[in-house]
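Peer 1:
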Amino acid sequence: AAKAHLAKPPWYVDVNMDTGNLVWPVFNALQAFWPALEVLAGNLGDARATHAAFYGVWRRYGLTPEGFNLAEGRVQDGQRSYPLRPELVESTLYLSRATGDPHFFDVGRDMLHSLERTKVECGHASVADVETMAFKDQMDSYFLSETVKYLYLLFSPGHWALSGRYVFSTEGHPLRAFPFHGKGGAGKPSPPLSSPKTNPPKPDDAPRTAPRKEDADRMNAGAASRLSEHVPGARR
């Protein structure tokens, strides 16, 4: 249903549940879990394409705003913050484990470098505005339970939490997975995600260059062109 009604590849948008008409041409930061779900479904090509689009927003601002207007290619009004969310880091981890592509180590290193900008005396601060980098006096618990945990695991191939014997809760806590013994006989546990064949760089290696605005601009221009025909008054 999501692919049939929400997909404007490589993006996903909000639609009216009764008519399917587009109502909200905005990338919401919470959508960034989707590439990880695609990995689990075996759709690696779609996962990579959507992850690249989402990561392009991160590279443009150095962080992901809560909302990015696809039709106008700008931060959505009222959604300018970055509250240290983990979803894009999580998808990066899953794609790295499934593909072994060292590109995702570079992505993780960029994210780690960006998060250093949020460091304050007693932890890391949520960002009130990704364009001005004004801080909020807030650090949600999921930053420790998810965001930095997924970054740690990205650079830790062979870690026991990635063995296939554990699943993560919605807050990133590893829980032991047991085979399902349902009707028809014993079930089988899911196999572990394949380990990358390339050794990851150390997270503190020299980061890549600062986010390239022109790369994201080109990608977002294409998305805006495709979406503008569905959005009355959208900037072309």
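For the sequence shown, the numbering used here assigns the number 4 to the initial residue and increments by one for each residue that follows. Virtual Cβ for every residue (Gly too), placed ideally from N, Cα, C. Since the structure is predicted, the reported quantities are computational estimates derived from the model, not experimental observations.
Would you kindly check if the distance between the Cβ of residue 96 and the Cβ of residue 67 is under 8 Å?
Peer 2: No; because the gap between Cβ atoms is not below 8 Å, this pair is not in contact.
Peer 1: Where in the stretch 6-75 do unbroken runs of the beta strand (DSSP E), each at least 3 residues long, occur, reported from the N-terminal end onward?
Peer 2: Fully enclosed beta strand (DSSP E) runs of 3 or longer: 25-27, 29-31, 70-72.
Peer 1: Would residue 44 and residue 94 qualify as a contact pair, given that the criterion is a beta-carbon distance under 8 Å?
Peer 2: Taking 8 Å as the Cβ cut-off, residue 44 and residue 94 do not qualify as a contacting pair.
Peer 1: Closer than 6 Å by C-beta to residue 132: which residues in its own chain qualify, once you throw out the five before and the five after it? Chain order, please.
Peer 2: Correct list, in chain order: 83.
Peer 1: Among all the DSSP beta bridges, which residues are the ones paired with residue 179?
Peer 2: Partner(s): 169.
Peer 1: Expressed to the nearest angstrom, what Euclidean distance is found between the alpha-carbon atoms of residue 20 and residue 5?
Peer 2: Between residue 20 and residue 5, the C-alpha separation is close to 11 Å.
Peer 1: Apart from the five residues on each side of it in sequence, which residues of its chain come closer than 6 Å, Cβ to Cβ, to residue 55?
Peer 2: There are no such residues.
Peer 1: According to DSSP, is residue 164 part of a helix, a strand, or is it coil?
Peer 2: In this structure, residue 164 counts as helix in the three-state DSSP scheme.
Peer 1: Given this structure, state the Cα-to-Cα distance separating residue 125 from residue 69, to the nearest angstrom.
Peer 2: About 24 Å.
Peer 1: Quick one: what's got a C-beta closer than 6 Å to residue 170's C-beta in the same chain, skipping five residues either side?
Peer 2: Correct list, in chain order: 178, 180.
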